[in-house]
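These notes concern the structure reproduced below.
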Amino acid sequence: MLEMNVSKYIVRFLGAVGLFLGLTGASMAAGANNMVSYKEDVYPIIQYRCLGCHKAGGAGEMASGLNMETYEGLMKGTKHGAVIMPHNALASTLVRLITGEAAIRMPHNAKRLSSCEISTWKRWILQGAKDN
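Per mature numbering (1 follows the signal peptide of the UniProt record, and there is no 0): the sequence shown = residues -29 to -1, 1 to 103.
Set out below in structure tokens:
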């Protein structure tokens, strides 16, 4: 009788472990599909919200040295240093600027980025800020 109860619990335990592993694998696969692409997700935000100023000869490029026309320009940063810290959104100056107070927030004198746009930037940085 005791063996039957132990066997029943072992079967339940193994079933629970299998379910957990199945769900974890599914969520990991879903996470892989949620990769943020620089070309498809980030650059369109840059084109629409940043290149008015942060292009060659633009006011933002002249003031800060940040030219966002290319991935290389973005990763080079400003004359004061990098604005993107791959894998660390909190340490990335760009995230502080797009989420900051109105006096320093980017874009200057324009509508703030949407929560979706900000989330895209943060996720891309957390995923390594790849040129993908």
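Quick reminder that beta carbons are idealized off the backbone N, C-alpha and C, glycines included.
As the structure is a prediction and not an experimental result, all values here were calculated from the model.
The DSSP assignment places complete alpha helix (DSSP H) segments of no fewer than 4 residues inside the segment 28 to 79 at 30 to 35, 42 to 47, 64 to 70, in order along the chain. According to the DSSP assignment, L97 belongs to the alpha helix (DSSP H) that extends over 86 to 97. Counting every other CB atom within 10 Å of its CB across the protein chains shown gives S63 a total of 16 or more, marking it as buried. The C-beta of H25 has 16 or more other C-beta atoms within 10 Å across all chains shown, which makes the residue buried. The shortest CA-to-CA distance from G44 to any of N59, G71, L68, Y14 is the one to Y14. In the three-state DSSP reduction, K10 falls in the helix class (H, G or I). For R20, the secondary structure class from DSSP, reduced to helix, strand or coil, is helix.
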